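Asker: Sequence positions in the sequence shown follow mature numbering (1 follows the signal peptide of the UniProt record, and there is no 0) and run -21 to -1, 1 to 119.
Just so you know, even glycine gets a beta-carbon here, dropped at the ideal spot from N, CA and C.
All values derive from a computational prediction rather than experimental measurement.
Quick one: the structure is below, and I'll ask about it shortly.
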Amino acid sequence: MKKIIALTSVCLLLFSCSTQKNTDEKPPLYEILKQKEIGGANFRFFEIITEQKEFKMLLNDSDLKNKIKPSDIYTSNFLLLNMGEKNSGGYSFSIENVEETENDIIITIKENAPKGMATTVMTYPISIVKINSKKNIIIK
């Protein structure tokens, strides 16, 4: 009988304690939403998407429609990174560093070349990055 009471007490103690998720937790400063070898433009450029009209194009992208919501335009900026035309696969972007200052978000981007053997086909590498801030963005 004592074992049953002790076991019941332990079970009640374990199941009555709950962990609450911290709602004050900030989202990461950036998220890479899309990174593909095909789908970019023929020429190299970086664009900061802040306008509603441009943002609607992101909302219509089949790869992004489950990763962003219409209200994100008011809380986030988006970077469109196009590497331009490349003569093989294996090219990509990486975020080397993100620094937040009082007024700016400074992003250091690295263009990665293929390592070893790569497909010999024309590619158009593209990355779309969500910056969870509306501060001014500086790309290095």
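Anyone know if the C-beta pair for ILE55 and SER112 falls short of 8 Å?
Answerer: According to the sequence provided, residue 55 is Ser. The question's Ile does not apply to it. Result yes, Cβ atoms of SER55 and SER112 sit closer than 8 Å.
Asker: Could you name the residues of the same chain whose beta carbon sits closer than 6 Å to that of GLY69, not counting the 5 residues immediately before and after it, in chain order?
Answerer: Same-chain partners within the cutoff: PRO93, ALA97.
Asker: Mapping the DSSP letters down to three states, classify SER106 as helix, strand or coil.
Answerer: If DSSP states are grouped into helix, strand and coil, SER106 belongs with the strands.
Asker: Between the stretch 45 to 52 and the stretch 64 to 84, are three or more C-beta pairs nearer than 8 Å?
Answerer: Not touching, per the Cβ criterion.
Asker: Take TYR53 as the anchor and find which of THR29, ARG23, ASN91 has the nearest alpha-carbon.
Answerer: Selected option, being the one with the closest Cα: THR29.
Asker: Using CA atoms only, rank isn't needed, just tell me which of ASN91, PHE57, LEU37 is closest to SER67.
Answerer: The residue with the shortest Cα to Cα distance from SER67 is ASN91.
Asker: Just grab the DSSP bridge partners of ASN77 for me.
Answerer: One detail in the question is off: residue 77 reads as Val in this sequence, not Asn. ILE86.
Asker: If you draw a straight line from the alpha carbon of PHE25 to that of LYS35, how long is it in whole angstroms?
Answerer: Distance between the alpha carbons of PHE25 and LYS35 is about 18 Å.
Asker: Which value, in whole angstroms, describes the spacing of the CA atoms of LEU12 and MET62?
Answerer: When rounded, the distance between both Cα atoms is 16 Å.
Asker: Could you name the residues of the same chain whose beta carbon sits closer than 7 Å to that of SER73, not counting the 5 residues immediately before and after it, in chain order?
Answerer: Around SER73: LYS89, ASN91.
Asker: Let me make sure I understand the geometry here. Which of LYS15, THR99, VAL100 has the alpha-carbon closest to that of ASP42?
Answerer: The residue with the shortest Cα to Cα distance from ASP42 is LYS15.
Asker: Quick check on the DSSP output: what are the complete beta strand (DSSP E) runs of length 3 or more inside the stretch 31 to 73, in order along the chain?
Answerer: As far as the stretch 31 to 73 is concerned, its whole beta strand (DSSP E) runs of at least 3 residues are 56 to 62.
Asker: Give the straight-line distance between the Cα atoms of ILE118 and ILE86, rounded to the nearest whole angstrom.
Answerer: When rounded, the distance between both Cα atoms is 5 Å.
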